[in-house]
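Sequence lines, in order, name chains A and B.
Start counting the first sequence at 1; every next residue gets the next number (the numbering used here).
Start counting the second sequence at 1001; every next residue gets the next number (the numbering used here).
We put the beta carbon where it would ideally sit given N, CA and C, even for glycine.
These numbers were taken from a predicted model, which means no experiment stands behind them.
Below: one structure, written as structure tokens.
Number of protein chains: 2
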Amino acid sequence: MKSAMELYAEQGFEQTTASDIAERAGVTERTFFRYFADKREVLFFGAGDLQDFVLAAIAASPATMKPMETVSAAMEGVADLLADREFSRRRAAVIAANPGLQERELLKMATLAGAAAEALRERGVPDPVAGLAAETGVTVFRIGFETWIGEGAPESFAECIREALDQLRSLTAGA
Amino acid sequence: MKSAMELYAEQGFEQTTASDIAERAGVTERTFFRYFADKREVLFFGAGDLQDFVLAAIAASPATMKPMETVSAAMEGVADLLADREFSRRRAAVIAANPGLQERELLKMATLAGAAAEALRERGVPDPVAGLAAETGVTVFRIGFETWIGEGAPESFAECIREALDQLRSLTAGA
DNA sequence: TATCGTGATGACAGTAACTGACATCAATGG
DNA sequence: CCATTGATGTCAGTTACTGTCATCACGATA
Chain A
1 MKSAMELYAE QGFEQTTASD IAERAGVTER TFFRYFADKR EVLFFGAGDL
51 QDFVLAAIAA SPATMKPMET VSAAMEGVAD LLADREFSRR RAAVIAANPG
101 LQERELLKMA TLAGAAAEAL RERGVPDPVA GLAAETGVTV FRIGFETWIG
151 EGAPESFAEC IREALDQLRS LTAGA
Chain B
1001 MKSAMELYAE QGFEQTTASD IAERAGVTER TFFRYFADKR EVLFFGAGDL
1051 QDFVLAAIAA SPATMKPMET VSAAMEGVAD LLADREFSRR RAAVIAANPG
1101 LQERELLKMA TLAGAAAEAL RERGVPDPVA GLAAETGVTV FRIGFETWIG
1151 EGAPESFAEC IREALDQLRS LTAGA
């Protein structure tokens, strides 16, 4: 809900009660909890779609593509779902200000990594590689996202992802 | 508290109320919450010590050591704090059964990685490398720990860590 | 048109995780 | 012997969340 984001940004996450949100949205508290499992979940509304998108992208990539390329390309594609940079910034600020929300974000990322690993396995990628590629892919996503959100970043999201991947490459190559 | 672990193992985390735990421990619910910030925190009681240990190990390692070696050695050293394998197993089972507890564990790991990165920076390791080495080190710790906990693993914790690191090495070397 | 699901919402009561404020009480140091 | 301090108990209160039942709009069907 937009109402929730507004209130979280205005007065902070903890200071905002479920009742507040429901009231602004013009529904009951009970209804609020029918749509969202808990107060935090509001901020991760699109997470399911995002994961579906990534999984579909992995499944649809040509079989000749290497695991790491596959995952990175899928992450780049997420750009389409992340249209509004200002919104993402505000959301990130709210999450950064609250440990409980960071926990939830960590869980979403871990879940995404797990699902991506499974998708790779179904493409025939063997097991230690699949997990590692998936986890690394999520790391690249996170770092790229942070860059995109950051101050002096006129680049597109996809460019940020590519940049993060390049940095990682040069790091591991040096070792 | 031991009381909490017992109850979590007996009847599950969600089914156990703070009141239950307090009663078995022979104190008040209020007292319980004075010792632990929340119900979950009980299972992460040693986390602070563990982090202190890792940080100290990083700080104390010879300046000639490479970042990745430093972190890995620090993780190996944690073996001293993880004496009771059976206890670790039970604890892991409880956590695995509850998403909320997984969230908390993820947060602890992320915090540890952040602190380790900072410790590396203070030893003069430059910035992208410090973060990457720290995060990779935590990953090695996690995988090594899972192996140690697992079924047919007669190895010591330190051996599990070394094994995980070797696997990772051969993976990144191949790419 | 009447009626019969059905799905979304409201109303309400209840549980349990926490929190703040104050009282108590034992150990400790002077 | 008394003052301080730290740990605990007591109690009241808030808020996140859940179960249950009533209501009500709406579309399908007789």
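Note on residue 19/A: under 16 other CB atoms within 10 angstroms of its CB, so exposed under the neighbour-count rule. The beta carbons of residue 1107/B and residue 1139/B sit no closer together than 9 Å. If you draw a straight line from the Cα of residue 32/A to the Cα of residue 21/A, it comes to about 8 Å. Counting C-beta pairs with one atom in each stretch, the region 86-101 of chain A and the region 38-49 of chain A have three or more that are closer than 8 Å, which means they touch.
Around the beta carbon of residue 37/A, a 10 Å sphere encloses fewer than 16 other beta carbons of the protein chains shown; the residue is thus reported as exposed. For residue 1037/B, there is no enclosing alpha helix (DSSP H), as DSSP marks it with neither H nor E.
Going by DSSP, residue 1066/B is part of no alpha helix (DSSP H) at all; its letter is neither H nor E. Within chain A, the residues whose beta carbon sits less than 8 Å from that of residue 1099/B are 107, listed in sequence order. When C-alpha distances from residue 1109/B are compared across 1145/B, 1127/B and 1080/B, the shortest belongs to 1145/B. Within chain B, the residues whose beta carbon sits less than 8 Å from that of residue 110/A are 1102 and 1106, listed in sequence order.
In this structure, the alpha-carbon of residue 87/A lies about 27 Å from that of residue 1128/B. Interface flag for residue 1078/B against chain A is unset, since no Cβ pair is found closer than 9 Å. The beta carbons of residue 1051/B and residue 1130/B sit no closer together than 9 Å. Taking the C-beta atoms as reference points, residue 1016/B is found nearer than 9 Å to residue 1039/B.
Taking the Cα of residue 165/A as reference, the smallest distance to any Cα among 12/A, 135/A and 98/A is reached at 135/A.
Residue 1082/B sits in coil when the DSSP states are folded into three classes, being neither helix nor strand. Between residue 129/A and chain B, the shortest Cβ-Cβ separation is below 9 Å.
Identification of chain A residues near residue 1167/B by a Cβ-Cβ cut-off of 7 Å yields 128, ordered along the chain. Within its own chain, no residue has a Cβ closer than 6 Å to the Cβ of residue 30/A once the five positions on either side in sequence are excluded. Identification of chain B residues near residue 132/A by a Cβ-Cβ cut-off of 8 Å yields 1168 and 1171, ordered along the chain. Apart from sequence neighbours up to five positions away, the residues of its chain that approach residue 122/A with a beta-carbon distance below 8 Å are 59, ordered along the chain. Nearest neighbour of residue 1119/B by Cα position, chosen from 1085/B, 1061/B and 1098/B, turns out to be 1061/B. A straight-line Cα-Cα distance of about 39 Å links residue 1065/B and residue 1097/B.
The C-alpha of residue 1072/B is placed about 29 Å away from the C-alpha of residue 75/A.
Between residue 70/A and the set 80/A, 57/A and 149/A, the nearest pair of CA atoms involves 57/A.
Under the criterion of beta carbons closer than 8 Å, residue 68/A and residue 133/A qualify as touching, at roughly 5 Å. The C-beta distance from residue 157/A to residue 55/A rounds to 19 Å, too long to fall under 8 Å, and the pair is not in contact. Interface with chain A (9 Å Cβ-Cβ cutoff): residue 1016/B is excluded. Burial state of residue 113/A is buried, judged by a 10 Å Cβ sphere holding 16 or more other Cβ atoms.
In the three-state scheme derived from DSSP, where H, G and I count as helix and E and B as strand, residue 1151/B is classed as coil.
Residue 41/A has a beta carbon lying at 9 Å or more from every beta carbon in chain B. The beta carbon of residue 70/A sits no closer than 9 Å to any beta carbon of chain B. Judged by DSSP in its simplified three-state form, residue 1046/B adopts coil rather than helix or strand.
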